[in-house]
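In terms of our numbering, the sequence shown is residues 28 to 159.
Note that CB positions come from ideal geometry on N, CA and C, so glycine has one too.
Nothing here was measured: the structure is a model prediction, and the numbers come from that model.
A short write-up of the structure that comes next.
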Amino acid sequence: MKTTITETGYVSFNEEVAQALVDKEGYAVCFGATKGTIKLPTTAAEAKAAIGVVHLRHRPDDREVSVRLFGAQGSIRARFGGVVAANAPVKVAVGGKFVTAVATDQAKGLSLLGEASADNTLGEVLLNPFTV
């Protein structure tokens, strides 16, 4: 049996629904119902189980999307939902945006914003999972 090992932190997946991830750079994604597909999380459980963020689309007319995995080290470009304070712990919300994590949340990391974000801001998150 062949095993694929990813060492770069980036993996390509197909969209579960064609064109659903157009212009979604920095949004978190989870696995879709069909093997090998991804989608934006639509429930709290899917948001908690997010695997990474949309990095780029390979071709506009294709369903293949490059994802930066949460298990990789370093930081990611993330789309914030609402106001997030500078250096605040963040988690994935339903819809794939990053929001402030509160007590008992599983944070994906820390915002590296120099100031508070506005809704739909594209910023940076230091990957450092922990429970708030």
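Where the beta strand (DSSP E) through residue i begins and ends
i, result
"Lys66", "64-66"
"Lys135", "133-138"
"Lys118", "116-119"
"Ala47", "Neither: Ala47 is in no beta strand (DSSP E) and is coded neither H nor E."
"Arg104", "102-106"
Buried/exposed call for residue i, threshold 16 Cβ in 10 Å
i, result
"Arg86", "exposed"
"Leu140", "buried"
"Gly79", "buried"
"Glu43", "buried"
"Pro156", "exposed"
Between the CA atoms of residue j and residue i - distance to the nearest angstrom
i, j, result
"Gly122", "Gly36", "22 Å"
"Thr3", "Ala105", "Outside the displayed span of the chain (28 to 159) sits residue 3, for which this structure offers no information."
"Glu52", "Glu142", "21 Å"
"Pro201", "Ala47", "Given a span of 28 to 159 for the chain in the structure shown, any question on residue 201 remains unanswerable."
From the options, residue whose alpha carbon lies closest to that of residue i
i, options, result
"Arg84", "Phe40, Lys135, Pro68", "Phe40"
"Gly109", "Val94, Thr127, Gln133", "Thr127"
Limits of the unbroken alpha helix (DSSP H) element including residue i
i, result
"Ala72", "71-75"
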